[in-house]
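Residue 519 in my numbering is what sits at position 52 of the sequence shown, and the numbering runs on without skipping anything.
By construction, the Cβ of each residue, glycine as well, lies at the ideal position given by its N, Cα and C atoms.
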Amino acid sequence: ERGVGETLACGTGACAAAVASARSNFADRKVVVHLPGGDLEVDWQEDGYVYLTGPVVEIYQGMVLEEWLLQQYEED
468 ERGVGETLAC GTGACAAAVA SARSNFADRK VVVHLPGGDL EVDWQEDGYV YLTGPVVEIY
528 QGMVLEEWLL QQYEED
């Protein structure tokens with residue numbers, strides 16, 4: 468991911484890989500993509516819609532101070 472380095476999962480990438488694989492006849496339209504953060508199910512439907520299903524896990528919790536946020540805009 469741009470700006471943060473490698474992440475545990477990328478839904479957009481999983482969907483793109485699944486559709487590309489199905490279009491190339493390497494996989495079915497409904498597949499499970501295995502990623503370090505967990506498995507994602509991708510379902511590319513006949514109408515062109517792509518559905519992504521998978522677990523959600525909180526891995527970080529933080530707080531942004533309003534003063535810091537305002538300072539970031541002032542520097543631009």
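| Query | Result |
| --- | --- |
| Would you be able to state if there are at least three C-beta pairs under 8 Å between the stretch 475 to 487 and the stretch 495 to 515? | yes |
| Write down every uninterrupted run of the beta strand (DSSP E) in the stretch 496 to 531 whose length is 3 residues or greater and which is fully enclosed by it, in chain order. | 497 to 502, 505 to 511 and 517 to 520 |
| Using a Cβ-Cβ cutoff of less than 7 Å, which residues in the same chain neighbour Pro522 once the five nearest sequence positions on both sides are dropped? | Gly505 |
| Quick one: grab the DSSP three-state call for Cys482. | helix |
| Say yes only if the C-beta of Ala484 is nearer than 6 Å to one or more non-hydrogen atoms of the ligand SAH, and no if none qualify. | No copy of the ligand SAH occurs in the structure displayed, which carries no ligand at all. |
| What do you reckon, are the CB atoms on Leu519 and Gly478 nearer than 7 Å? | yes |
| DSSP three-state call for Ser491: helix, strand or coil? | coil |
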